[in-house]
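Asks: Dropping the structure in here first, questions after.
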Amino acid sequence: MTVFKTDPAYEVKYVPGFLDEDLRASIKQAVTAIPRDKLEFHELEKFGRLVVHDWPPFTALQSEITGMVSELAGEPLEPCYNFLSLYARRGVCETHLDTPSAKWTFDICIDQSEPWPISFTSIIDWPETGEALVDQWQAVKEGRSGHAIRAMALEAGDALLFSGASQWHWREPIAPAKGRTFCDLLFFHYIPAGTSELVQPRNWARLFDVPELAAIKGIELAV
Ligand SMILES: [Fe+2]
């Protein structure tokens, strides 16, 4: 799984003005045109957001910029999944790590009531056990992990690239705005080129020739 680990020297890359005004306007229009029955409500409680996965116009854009994101990441990539995230006044994002399917996340701000910082640790060593994972998560939350912490606030149209599978990341509760409180973000996930089979836990029993892995509850659903 080494291919999914990230160079410890990697620093989050910030791309100011990634969306020019025309592209930003067309994305806003595409968001408005999404039929209501395509909005996913399952993260409303925990994150205060509505999401839409792999919406075709966004998947097309994600694919188009693969070369540019590969340059930023410093390795050849291929697109994995993406989602649009429409945060509202209860927006928050708990400290977490992503699975290897989000080794790289290109986070684009479409529009927002006010800039809303996202915080990252430096690149971590993957904890080897579930217990170590929870310990590290707690240490990060309590500010005693020893990792360097960096916060960045995107302006509308700006983007950044971080390594979600190797950097703890979070957003504090969104600050209430005078008018509507919101933050519309796109999350494009990328994996190293050629790893689309390896990244899927459902394939591990076969790829590693360890049939017992197929018996892990929920492994066929994990991404
Ligand atoms: Fe994440």
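Our numbering puts the first residue of the sequence shown at -12, with every later residue one more than the last. Glycine residues also receive a C-beta, built at the ideal position from the N, C-alpha and C atoms.
In whole angstroms, give me the CA-to-CA distance for residue 63 and residue 20.
Replies: Distance between the alpha carbons of residue 63 and residue 20 is about 33 Å.
Asks: Hey, how far is the Cα of residue 176 from the Cα of residue 29?
Replies: Taking the straight line from one Cα to the other gives about 20 Å.
Asks: Cβ-heavy atom distance between residue 85 and ligand 1 below 8 Å?
Replies: Because some heavy atom of ligand 1 lies under 8 Å away, the Cβ of residue 85 counts as near it: yes.
Asks: So is the beta-carbon of residue 146 under 8 Å away from any non-hydrogen atom of ligand 1?
Replies: Result no, Cβ not under 8 Å from ligand 1.
Asks: Quick check: does the Cβ of residue -7 come within less than 8 Å of any heavy atom belonging to ligand 1?
Replies: No, since every heavy atom of ligand 1 falls outside the 8 Å radius drawn around the Cβ of residue -7.
Asks: Would you decide whether residue 193 is buried or exposed? Buried here means 16 or more other CB atoms lie within 10 Å of its CB.
Replies: Looking at its Cβ environment, which holds fewer than 16 other Cβ atoms inside 10 Å, residue 193 is exposed.
Asks: Between which two residues does the alpha helix (DSSP H) holding residue 299 run?
Replies: Absent from the model: residue 299. The displayed extent of the chain is -12 to 210, so no value can be given.
Asks: For the beta strand (DSSP E) that contains residue 81, what are its first and last residues?
Replies: It spans 80 to 83 - the beta strand (DSSP E) in which residue 81 sits, taken as one unbroken run.
Asks: What are the start and end residues of each continuous beta strand (DSSP E) run of 3 or more residues lying completely inside the segment 100 to 156, in chain order?
Replies: 105 to 108, 136 to 139, 146 to 149, all fully within the segment 100 to 156.
Asks: Classify residue 87: buried if its beta carbon has 16 or more other beta carbons within 10 angstroms, exposed otherwise.
Replies: It counts as buried.
Asks: Using DSSP with H/G/I as helix, E/B as strand and the rest coil, what is residue 175?
Replies: Three-state DSSP puts residue 175 in a strand.
Asks: In the DSSP assignment, what residue or residues form a beta bridge with residue 40?
Replies: 70.
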